[in-house]
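J.: Its first residue numbered 1300, the sequence shown is counted upward by one per residue in the working numbering.
To start, I am sharing the structure in question, which I have written as C-alpha cells.
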Amino acid sequence: MGSRRYDSRERRERLRDYDSGDERRERGRDYRREWQADERRGGSADSYKRKGFGEGGGRQVRCYECNELGHYKSQCPRLQVRTSGGVSGGMVALSKELEESLSAVGRMAKQLIDQQKAVEDAKREAEEKLKKEAEEKAAKEEAARVEMAKKKAKEDKEQRRKWEIKKLLAEQREEYETKLEKIIRRGIKGVTIDKKKKSEDPQQQPSSSSESDEDEDEQTPLKDKRKRRDSMGDVANSPPVETPSKQGKREELGTPSSMKKKGRGRPTKAEAQANRIARGEDPWEGVPLGEKFATEATYRKAVRKALGSFYPETLQAMCKGDGVPF
C-alpha cells in the first residue's frame, strides 16, 4: 500500500497542466487539505522506510528494557505474558535484573528514609536534652538564689536579735545595778538600826524597883503627879504602891510549821536556775522572741520583764555566752 503523501504528489503531477487561476487555487486548496489530513493521520510504512527509519537507515529505535536496537519496550522478548488456565491474566512478568534493580532502589530509598529519620530523631533528642539541661540549670540557680536569700535573711535576723539583746542587757544591767545599790543601802541602814536597838535594849531594862518607880514617874502625865502629891498629905501611913516592872519586846518563837523544811518541797527559783546552768542548758531559755510582738516597745518590755526575773548567776552566764561584759 502506497503512502497518501506520495499519492498527493502524483495527483499534483497530473494537475500540473492546469493554467487557469481558479484551477490553480483549487489545486492548492486540495493539496493543503490532503496534506493536513496526512499529517494528522501519520505516514505509512513506505514513507517510514523512504525517510531512512527502516532497515539500513541511520536512525533506529531502542528498547528501554534490554537496551537493544530494533524494537520497542512493548515488543521486548524478555517481557512475557503469563497465562493461567489458557486465558491471558494480563500480568507482565518482569525480568530478574529489573526486579533486582527495583529491590535495590527500594532498599536504598528505605535506607535513606531510615537515615533521615535517625538524623531527625537524634537532632530532636539533642534539642530536648539541651532544653532539659537548661531548665534544670535554671531551677538549680533559682533554688540556690532562694536558699541564699533565706540564709541571708536568717543571718540578718540573728544579728538584729543579738544587737537588741545586747542593748537590752546593757539597759538591764544599769537597772540591776541601780536596784542592787538601793538594796545594799537599805540593808546597811537596817543593820545599823538593829545594832543601835540592840545597844539600847540593856539600858532600857529596869535594874531595881526604884528605877521602875522613877521611870513610871517620868512616864506618868503631869496631872497624875499633881493628884498623887495632893493625896499624899491625907494618906500618910498608907503602904507604898508597887508598880509593875517595864517589860521589853516579846521575842517571837518559831513554830515547826514556820521553820524551813530541808529536803522537802519544790526547789526555789534561784535553785532551779542554778541547777539548769549546772546541767549545761541554754540560759536564754524563757526569753521571748521578737516574732511574737507587733512593736519593738512591747518586745523590749517583755524582755526586760523576763530578764528581771533572772538571778545574777544566770545573767552572768547569758553575758558570757554572747561575749558581753557583765
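No residue lacks a Cβ here, since even glycine has one placed at the ideal position from N, Cα and C.
None of these values were measured; they are calculated from a predicted model.
Cα-Cα, which of 1475, 1580, 1394 and 1365 is closest to residue 1605?
T.: Counting from 1 along the sequence shown, the entry for residue 1605 is found at position 306. Ranking the options by Cα distance to residue 1605, first place goes to 1475.
J.: Return the CA-CA distance between residue 1584 and residue 1450, expressed in angstroms with no decimal places.
T.: Sequence index remark: in the sequence shown, residue 1584 carries index 285 (1-based). Sequence index remark: in the sequence shown, residue 1450 carries index 151 (1-based). Rounded to the nearest angstrom, the two C-alpha atoms are 24 Å apart.
J.: Just the Cα atoms here: how many angstroms apart are residue 1355 and residue 1416?
T.: Within the sequence shown, the letter at position 56 stands for residue 1355. Within the sequence shown, the letter at position 117 stands for residue 1416. With a pLDDT of only 49 at residue 1355, under the threshold of 50, the placement of this residue in the model should not be trusted, and no figure is reported.
J.: In the DSSP assignment, what are the bridge partners of residue 1361?
T.: As a working mapping, residue 1361 is identified with position 62 in the sequence shown. Residue 1361 pairs with 1368.
J.: What residue does the alpha helix (DSSP H) around residue 1602 start on, and which one ends it?
T.: The residue you call residue 1602 lines up with position 303 of the sequence shown. First-last of the alpha helix (DSSP H) with residue 1602: 1595 to 1607.
J.: Excluding the 5 residues preceding and the 5 following residue 1550 in the sequence, name in chain order all residues of the same chain whose CB lies nearer than 8 Å to its CB.
T.: Within the sequence shown, the letter at position 251 stands for residue 1550. Confidence in residue 1550 is poor, its pLDDT being 46 and thus under 50, which makes the residue's placement unreliable; the coordinate value appears in the next sentence. Contacts found: none.
J.: Give every residue of the same chain whose Cβ lies closer than 6 Å to the Cβ of residue 1370, excluding the five residues on either side of it in the sequence, and list them in chain order.
T.: If you number the sequence shown from 1, residue 1370 lands on position 71. Excluding positions up to five away in sequence, the list reads 1362.
J.: Count the other C-beta atoms from every protein chain shown that fall within 10 angstroms of the C-beta of residue 1471, then say buried if there are 16 or more, exposed otherwise.
T.: Here residue 1471 refers to the residue found at position 172 of the sequence shown. Buried is the call here.
J.: Whole angstroms is fine: what's the gap from residue 1528's alpha carbon to residue 1480's?
T.: Taking the sequence shown and counting its residues from 1, the one referred to as residue 1528 is at position 229. Taking the sequence shown and counting its residues from 1, the one referred to as residue 1480 is at position 181. With a pLDDT of 48 at residue 1528, under the threshold of 50, the predicted position of this residue should be treated as unreliable, though the coordinate-derived value follows. Distance between the alpha carbons of residue 1528 and residue 1480: 57 Å.
J.: Could you check what DSSP says for residue 1376 in three-state terms: helix, strand or coil?
T.: In the sequence shown, the residue the question calls residue 1376 occupies position 77. Three-state DSSP puts residue 1376 in coil, outside helix and strand.
J.: Please specify which runs of the beta strand (DSSP E), each continuous and at least 3 residues long, are wholly inside the stretch 1436 to 1471, giving them in chain order.
T.: Correct list: empty.
J.: Which class does residue 1581 belong to by DSSP, given the choice of helix, strand or coil?
T.: On the sequence shown, position 282 is the one that residue 1581 refers to. Correct three-state label for residue 1581: coil.
J.: Could you check which residue in 1447, 1603, 1609 and 1375 has the C-alpha nearest to that of residue 1466?
T.: For the purposes of this step, residue 1466 is taken as residue 167 along the sequence shown, with counting starting at 1. Minimum Cα distance to residue 1466 is reached at 1603.
J.: When DSSP labels each residue in this structure, what does residue 1567 get in the three-state scheme?
T.: Along the sequence shown, read from residue 1 onward, the residue named residue 1567 stands at position 268. Residue state, collapsed to three classes: coil.
J.: Specify the secondary structure class of residue 1586 as computed by DSSP and reduced to three states.
T.: Taking the first residue of the sequence shown as 1, we reach residue 1586 at position 287. Three-state DSSP puts residue 1586 in coil, outside helix and strand.
J.: How many angstroms separate the CA atom of residue 1436 from the CA atom of residue 1462?
T.: Your numbering for residue 1436 matches position 137 in the sequence shown. Your numbering for residue 1462 matches position 163 in the sequence shown. Cα to Cα, the separation comes out at about 38 Å.
J.: What does the alpha-carbon distance come out to for the pair residue 1395 and residue 1359?
T.: Residue mapping note: residue 1395 aligns to position 96 of the sequence shown, counting from 1. Residue mapping note: residue 1359 aligns to position 60 of the sequence shown, counting from 1. Roughly 26 Å separates the two Cα atoms.
J.: Helix, strand or coil, according to DSSP, for residue 1394 in the structure here?
T.: Along the sequence shown, read from residue 1 onward, the residue named residue 1394 stands at position 95. Of the three classes helix, strand and coil, the one that applies to residue 1394 here is coil, per DSSP.
J.: By how many angstroms is the C-alpha of residue 1418 removed from the C-alpha of residue 1410?
T.: For the purposes of this step, residue 1410 is taken as residue 111 along the sequence shown, with counting starting at 1. For the purposes of this step, residue 1418 is taken as residue 119 along the sequence shown, with counting starting at 1. Approximately 12 Å between the Cα atoms of the pair.
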